[in-house]
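Scroll down for the structure; my scribbles are underneath it.
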Amino acid sequence: MKPELSVVIPVYNEEAGLAKLFARLYPALDKLAERGVSYEVVFVNDGSRDNTPLILADQFRARPDVTRVVLFNGNYGQHMAILAGFKATRGDIVVTLDADLQNPPEEIGALVDKMREGYDYVGSIRRKRQDSAWRTYASKAMNQFREKITRIKITDQGNMLRAYGRNVIDLINQCSEVNTFVPALAYTFSRKPTEITVEHEERAAGESKYSLYSLIRLNFDLMTGFSIMPLQWFSMLGMVLSLLSGGLVALLLIRRFAFGAEAEGLFTLFAIAFFLMGVILFGIGLLGEYVGRIYQQVRGRPRFVVQTILESDELTEKEGV
């Protein structure tokens, strides 16, 4: 029978913390099973270069009845791994969870309970973030900026502990976007979204896979993938600067005829010229972000390549695969 709950966990170079994850994840899910919540766990190995695939294979052999492992042939990013996990899931409720234990597996039950109230998308807000100060403040600032641009209300966009209804998952699986942000995509498809507060812990082992550059790229994907407002803002800025530049030229002509040629304002003109060139270059870069995404999309290349899927023959036969 199909499980009610599917837990999708993207994994990348997490060999140091997987044993702790297994030790907490499966007991938490077994407690839910005692309440009548059947489950499966779908691990997606995102091209790990350490012993992560071997550890996941061992865990599959230990719990083949509830464990499935999707192995990529390379590294495609966290959100592509989540999308691959979505395609492999069978549950009516799908929960995404990071492998670093910053999101306690014990909180999955709270998400399931909320979904059973009739919601089809349940986000989570970290009660007390254990990230560094700069990352916490930067994330809050980007949350506010993103909400103004995309009109997508996600209080804590960096938290991947979220639950999705099957109706939302089926719609996401129909999408073929190369650059996307899964929680925002799900929010646009959900009929009745909500959020709950969950605990947050320090990373169990290893280091964060998100550098400052990766976070910036992620936010570019989020803003350009769900809104054209940045282009509209820049168009309006260009019109305003054109009017101001025309007024400045008129003022300089009047001054020249009224007072003659002068050289005192030369450096001011340089400063204005450099400012305008900076604005132009920024606009070209912004336009390039959109054009680059169009280019990646129209190439039609696979978003990810699945090398193999580890699952029990019994499950495969029941599903008719």
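In UniProt numbering, the protein residues as written are 1 to 321.
Think of the CB as a built atom: it goes at the ideal place given N, C-alpha and C, for glycine as much as any other residue.
This structure is a prediction, so every number in the text was calculated from the model and none was measured.
Under the three-state reduction of DSSP output, Gln157 falls in the coil class, being neither helix nor strand.
Boundaries for Ile82: no beta strand (DSSP E) harbours it, while the alpha helix (DSSP H) harbouring it runs Gln78 to Ala88, taken from the DSSP string.
By a beta-carbon distance limit of 8 Å, Val7 contacts Val41. Their separation comes to about 5 Å. A contact between stretches requires three or more CB pairs, one per stretch, nearer than 8 Å, and the region 145-162 meets this requirement with the region 97-114. Residues of the same chain with a CB within less than 7 Å of the CB of Glu201, apart from the 5 flanking positions on each side, are Leu101, Gln102, Pro104 and Gln130 in chain order. Cβ atoms of Met80 and Phe275 stay farther apart than 8 Å, at about 39 Å.
In the three-state reduction of the DSSP assignment, Ala99 falls in the coil class. Looking only at Lys20, Lys192, Phe145 and Ile82, the smallest Cα-Cα distance to Tyr121 is reached by Lys192. Within the same chain, and ignoring the five residues on either side of Phe60 in sequence, the residues whose Cβ sits closer than 6 Å to its Cβ are Thr67, Val69 and Leu310. Taking all protein chains in view, the Cβ of Glu4 is crowded by 16 or more other Cβ atoms within 10 Å, so the residue is classified as buried.
For Asn167, the enclosing alpha helix (DSSP H) covers residues Arg166 to Gln174.
Beta-bridge analysis with DSSP links Ile125 to Thr197. Within the same chain, Cβ atoms closer than 6 Å to the Cβ of Gln157 are found at Asn143, the five residues on either side in sequence being excluded. The shortest CA-to-CA distance from Val306 to any of Asn51, Gly74, Tyr26 and Ala28 is the one to Gly74.
The continuous beta strand (DSSP E) containing Glu40 extends over residues Tyr39 to Asn45.
Residues Pro105 of the same chain have their beta carbon placed closer than 6 Å to that of Leu25, with the five preceding and five following residues left out of the count. Looking from the CA of Ile125, the closest CA among Leu111, Ala23, Glu34 and Gly165 belongs to Leu111. Residue range Val306 to Leu310 is occupied by the beta strand (DSSP E) that includes Thr308. Judged by DSSP secondary structure, Arg301 falls outside any beta strand (DSSP E); it is assigned neither H nor E. Annotated as proximal: Ile82 and Val182, with beta-carbon spacing under 7 Å. Here the C-alpha atom of Thr308 lies approximately 15 Å from the C-alpha atom of Pro10. Under the three-state reduction of DSSP output, Ala16 falls in the coil class, being neither helix nor strand. Listed in chain order, the non-local C-beta contacts of Lys153 below 7 Å within the same chain comprise Glu147, local neighbours out to five positions each way being set aside.
Beta bridge pairing from DSSP links Ile55 with no other residue. By the Cβ-count criterion, Ser190 is buried, with 16 or more other Cβ atoms from all chains shown falling within 10 Å of its own Cβ. Residue state for Ile228 is assigned as coil, using DSSP reduced to three classes. The Cβ atoms of Gly123 and Glu195 lie closer than 7 Å to each other. Excluding sequence positions up to five before and after Ile172, its CB lies within less than 8 Å of the CB of Leu83, Phe86, Tyr164, Val182, Leu185, Ala186 and Phe189, all in the same chain and listed in chain order. Taking the CA atoms as reference points, Arg90 sits about 10 Å from Met1.
Apart from sequence neighbours up to five positions away, the residues of its chain that approach Val37 with a beta-carbon distance below 7 Å are Glu4, Leu5 and Val112, ordered along the chain. Around Thr197, the same chain offers Ile125 and Arg127 as residues with beta carbons nearer than 6 Å, after the five sequence neighbours per side are excluded.
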